Amino acid sequence: MKSVLKTLSSPLFLVASCIFLVNRWSEFYGIYIPFVNSYLDDLMLMPIVLTMALAGMRFIISSSYRLSLWQISLSTLIFSVFFEYFIPQFDPRFTADPLDVLAYLIGALAFLLWGNASISRHTSSQEEPE
Numbered sequence: 001m002k003s004v005l006k007t008l009s010s011p012l013f014l015v016a017s018c019i020f021l022v023n024r025w026s027e028f029y030g031i032y033i034p035f036v037n038s039y040l041d042d043l044m045l046m047p048i049v050l051t052m053a054l055a056g057m058r059f060i061i062s063s064s065y066r067l068s069l070w071q072i073s074l075s076t077l078i079f080s081v082f083f084e085y086f087i088p089q090f091d092p093r094f095t096a097d098p099l100d101v102l103a104y105l106i107g108a109l110a111f112l113l114w115g116n117a118s119i120s121r122h123t124s125s126q127e128e129p130e
């Protein structure tokens, strides 16, 4: 359980979550900056989702679990196809935007570099004690 809490208190997750919430709050209260409101949520999405997935895997499998490049890439592809292809096909309020996909990719890269580290910041494959 400690590893889950440590994972969910990572700086990347906390910063991304706070930025996401502030952006949603500002939109709710009518503060709209077109470029920021169009892409900021998409940029924060992958670090938030991947950190929650990592926390779940650390709870279920191992406290030292790290998501593979394949898992990160597949997750990014699934979100990109779902939000930028399927949803715009069925809901006219949404449009497909290649820059959204770029934002997902940048967010996934940020997670890969800073959010997927082992709890003790080393790459040991042995499970760390809780």
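For the sequence shown, our numbering begins at 1 and goes up steadily by one. All C-beta atoms, glycine included, are put in the ideal place defined by N, C-alpha and C. No experiment lies behind these values; they were computed from the predicted model shown.
Asked, Found
"If we ignore side chains and look at the alpha-carbon of each, how far apart do tyrosine 104 and serine 80 end up?", "7 Å"
"Rounded to a whole number of angstroms, what is the C-alpha to C-alpha distance between leucine 99 and tyrosine 85?", "13 Å"
"Please state the DSSP three-state secondary structure of tyrosine 104.", "helix"
"Considering only the beta carbon of each residue, do asparagine 155 and methionine 52 sit closer than 9 Å?", "Nothing can be reported for residue 155, as the shown portion of the chain is limited to 1 through 130."
"On the DSSP letters alone, give me the boundaries of the alpha helix (DSSP H) that tyrosine 65 sits inside.", "Unbroken run through tyrosine 65: none, as it is neither H nor E."
"At which residues does the alpha helix (DSSP H) containing asparagine 116 begin and terminate?", "It is not in any alpha helix (DSSP H) - asparagine 116 carries neither H nor E in the DSSP assignment."
"Whose C-alpha, out of Ala96, Ala117 and Phe111, is nearest the C-alpha of serine 38?", "Ala96"
"Measuring alpha carbon to alpha carbon, tell me which of Met1, Asp41 and Leu67 ends up nearest valine 101.", "Asp41"
"In or out: isoleucine 72 buried (at least 16 other Cβ within 10 Å) or exposed?", "buried"
"Does the beta-carbon of proline 92 have 16 or more other beta-carbons within 10 angstroms, so that it is buried, or is it exposed?", "exposed"
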